[in-house]
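Chains A and B supply the protein sequences, listed in that same order.
For the first sequence, my numbering begins at 1 and goes up steadily by one.
For the second sequence, my numbering begins at 236 and goes up steadily by one.
These notes are about the structure you will find just below.
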Amino acid sequence: MSAPYLEIKGLKKNYNFKPILRGIDILLDQGKCMALLGANGAGKTTLLRILACLTKPVAGTVRIGGLDIGQDVQQIRLLVGFAGHQPNLYDELTVLENLLFFGRMYAVKNARERADTLLQRVGLARRFSERAGTLSRGQLQRLSLARALLHSPGLLLLDEPDAGLDDEGIAMLEELLREHAAQGGTTLFTTHNFERAETFSDQICMLSGGRVVYQQASSELEAGSVRLAYQEALR
Amino acid sequence: MTFLSQVQAILWKDIRCELRSKQTWMSMGLFALLVLVIFNFAFDLRVDNKAAIAPGALWVAFVFASLLGLGRTITAEQEKGSMDRLMLCPVDRKAIYLAKLLGNILFISVVEIIALPIFAALFAVPLFTGELLPIVLLGTIGIATIGTLFSAIAAATQARELLLPLLVFPLIVPVVIGAVRATGALMTTSVNEPPWLGMMLAFDVIFLSVSLLTFEYVIEE
Numbered sequence: 001m002s003a004p005y006l007e008i009k010g011l012k013k014n015y016n017f018k019p020i021l022r023g024i025d026i027l028l029d030q031g032k033c034m035a036l037l038g039a040n041g042a043g044k045t046t047l048l049r050i051l052a053c054l055t056k057p058v059a060g061t062v063r064i065g066g067l068d069i070g071q072d073v074q075q076i077r078l079l080v081g082f083a084g085h086q087p088n089l090y091d092e093l094t095v096l097e098n099l100l101f102f103g104r105m106y107a108v109k110n111a112r113e114r115a116d117t118l119l120q121r122v123g124l125a126r127r128f129s130e131r132a133g134t135l136s137r138g139q140l141q142r143l144s145l146a147r148a149l150l151h152s153p154g155l156l157l158l159d160e161p162d163a164g165l166d167d168e169g170i171a172m173l174e175e176l177l178r179e180h181a182a183q184g185g186t187t188l189f190t191t192h193n194f195e196r197a198e199t200f201s202d203q204i205c206m207l208s209g210g211r212v213v214y215q216q217a218s219s220e221l222e223a224g225s226v227r228l229a230y231q232e233a234l235r
Numbered sequence: 236m237t238f239l240s241q242v243q244a245i246l247w248k249d250i251r252c253e254l255r256s257k258q259t260w261m262s263m264g265l266f267a268l269l270v271l272v273i274f275n276f277a278f279d280l281r282v283d284n285k286a287a288i289a290p291g292a293l294w295v296a297f298v299f300a301s302l303l304g305l306g307r308t309i310t311a312e313q314e315k316g317s318m319d320r321l322m323l324c325p326v327d328r329k330a331i332y333l334a335k336l337l338g339n340i341l342f343i344s345v346v347e348i349i350a351l352p353i354f355a356a357l358f359a360v361p362l363f364t365g366e367l368l369p370i371v372l373l374g375t376i377g378i379a380t381i382g383t384l385f386s387a388i389a390a391a392t393q394a395r396e397l398l399l400p401l402l403v404f405p406l407i408v409p410v411v412i413g414a415v416r417a418t419g420a421l422m423t424t425s426v427n428e429p430p431w432l433g434m435m436l437a438f439d440v441i442f443l444s445v446s447l448l449t450f451e452y453v454i455e456e
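This is the structure:
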């Protein structure tokens, strides 16, 4: 049996001595998609930021694709694609320039071709020459997704990727996640939408107070059990 | 991707963003001109005291204008959240520092190129000699080297606009003194002047080395 692609053990994080993550254990196999649920302040975004090497844990270990997050930071950065809650793009650069810049940062071969393909996929092909600052919230979210996928990452981290997306955008997101999984990519995404969590993912993990309080394969879920677990966790 | 192409890509991005937003260059340039005009009116300039006042006025204008731009180096990216995106990339942190430093030197130089002729006209001093170039260049590199590093430190704090001058001014004193005295020496025939250019060069090399080595620890959480 092969080792999980994402392996988190005893992960802890404090901010100003306040514990945010209190010992997270998560295993996720290659090609699988996990939805991370939890109320505001549960520690979802902090967990994603640690996995993206944007912040360091105070304790615990994380292995991504067999690499240790404490030792192989630069290699892990190459493996990870991250789209945060905010798009955080360069407003003054055009849609295409944004992608080409990050293409150069990740040394993507045939970056122009890859950018064109992704812009087509996220429905922004016709807006390639417009400045990112002129795009709507939903369009920025699409561009942010394209940027996260640009270097074909092994692990895709998405913080509320459905925020600001219309129905067509949600369908596009689902399709992109399925394609990513079909190509062997692993995904961890946060959401507040139970239905989306059940539909998009293979596994559901719920955080509360910095701890994993519920973890279940989507296929084994009983109707309404996620909502029930969520309400239980909030008490 | 090589180190130099990483530097080039980030520098290209910064220049393009600045050319389109025009936020930093415009405010830096206007501020430098305002300082020069105010100094011109504030001091009673006579032929015999010009050499004592003019170099100081020039470098005060350059330093203050530079700090306006330096303050935006990292802050602007952090406010937009794009600094996080840059930090996600598998890029050598020294490349980020070097690109930001080169961008700052470029922005400050443009302001200086515009401000110098106006300064020469307002203060009626003959400054356009080849000897001024290394003074301005070394002075600018010194200010930008320290300013770029400390803008990253200040950006992580709440009172960043207040903190940056407090951190930068004491450290750039040697380079500013060197620049003022070397510029003054161009206007008068002075004897027994210390080798100001050599001192500025040494200062630049030391702070550039320290900044390259420490930037990674400053910028990473």
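Where is the CB? At the ideal position from N, CA and C, for every residue including glycine.
Since the structure is predicted, the reported quantities are computational estimates derived from the model, not experimental observations.
The segment 347–362 of chain B touching the segment 284–294 of chain B, judged by at least three CB pairs closer than 8 Å: yes
Neighbour flag for L323(B) against chain A, beta carbons, 8 Å: Along the second sequence, one-based indexing puts residue 323(B) at 88. Taking Cβ atoms only, chain A reaches closer than 8 Å to L323(B), which makes this a yes.
Closer than 8 Å at the beta carbon, the chain A residues around G338(B): For the purposes of this step, residue 338(B) is taken as the residue at position 103 of the second sequence. What G338(B) touches in chain A: nothing, since even the nearest Cβ is about 14 Å away.
Close beta carbons around I340(B), own chain, < 7 Å, minus the five adjacent residues each side: Sequence index remark: in the second sequence, residue 340(B) carries index 105 (1-based). T375, I376 and A379, listed in sequence order.
Short Cβ contact (8 Å threshold) for F299(B) with V346(B): Within the second sequence, residue 299(B) is the residue found at index 64, counting from 1. Within the second sequence, residue 346(B) is the residue found at index 111, counting from 1. It is not a contact, given that the beta carbons lie outside the stated cut-off.
Beta-carbon spacing of G133(A), E92(A) below 8 Å: Within the first sequence, numbered from 1, the residue matching residue 133(A) stands at position 133. Within the first sequence, numbered from 1, the residue matching residue 92(A) stands at position 92. Yes, they are a contact pair.
Contact residues within the segment 299–321 of chain B, judged by C-beta distance below 8 Å to chain A: K315, G316, S317, D319, R320 and L321
Terminal residues of the beta strand (DSSP E) in which K13(A) lies: Start at 1 with the first residue of the first sequence, and residue 13(A) comes out as number 13. From DSSP, the beta strand (DSSP E) with K13(A) extends over L6 to Y15.
Segments assigned alpha helix (DSSP H), at least 4 residues, entirely inside the segment 251–338 of chain B: The qualifying runs are 258–277, 285–315 and 317–323.
Against chain B: residues of the segment 95–118 of chain A by CB proximity under 8 Å: E97, F101, F102, R104, M105, Y106 and A107
Contact set between F189(A) and chain B, taken where Cβ atoms lie within less than 8 Å: Translated into positions along the first sequence, residue 189(A) becomes position 189. In chain order: nothing, as chain B lies at least about 16 Å away.
Option nearest F450(B) by Cα separation, candidates F276(B), T423(B) and K335(B): Taking the second sequence and counting its residues from 1, the one referred to as residue 450(B) is at position 215. Closest option to F450(B), Cα to Cα, is K335(B).
Which residues DSSP lists as bridging V80(A), in chain order: Taking the first residue of the first sequence as position 1, residue 80(A) is located at position 80. Partner(s): L155(A).
Alpha helix (DSSP H) runs wholly inside the segment 88–143 of chain A, at least 4 long, in chain order: 95–105 and 111–121
Simplified DSSP assignment, three categories, for M34(A): Position 34 of the first sequence, counting from 1, holds the residue named residue 34(A). Strand at M34(A).
Contacts of F82(A) in chain B (Cβ-Cβ under 7 Å): Working through the first sequence from its first residue, we reach residue 82(A) at position 82. Per Cβ cutoff of 7 Å: L323.
Residue of G23(A), S201(A), T61(A) and L119(A) minimising C-alpha distance to R142(A): Numbered from 1 along the first sequence, position 142 holds the residue referred to as residue 142(A). Of the candidates G23(A), S201(A), T61(A) and L119(A), the one whose C-alpha sits nearest the C-alpha of R142(A) is L119(A).
Near the ligand SAH: L156(A) beta-carbon under 7 Å from a heavy atom: For the ligand SAH, the structure offers nothing, since it holds no ligand at all.
Per-residue DSSP class, three states only, for L47(A): What you label residue 47(A) is simply residue 47 of the first sequence in a count that begins at 1. The answer is helix: DSSP assigns L47(A) an H, G or I state.
M236(B) - DSSP class collapsed to helix/strand/coil: Locating residue 236(B) in the second sequence gives position 1, counting from the first residue. Correct three-state label for M236(B): coil.
Beta-carbon neighbours of S344(B), restricted to chain A and to distances below 7 Å: Here the question's residue 344(B) lines up with position 109 in the second sequence. The CB of S344(B) never comes closer than 7 Å to any CB in chain A; the least such distance is about 21 Å.
Simplified DSSP assignment, three categories, for T418(B): Within the second sequence, the letter at position 183 stands for residue 418(B). T418(B) falls in the helix class under three-state DSSP.
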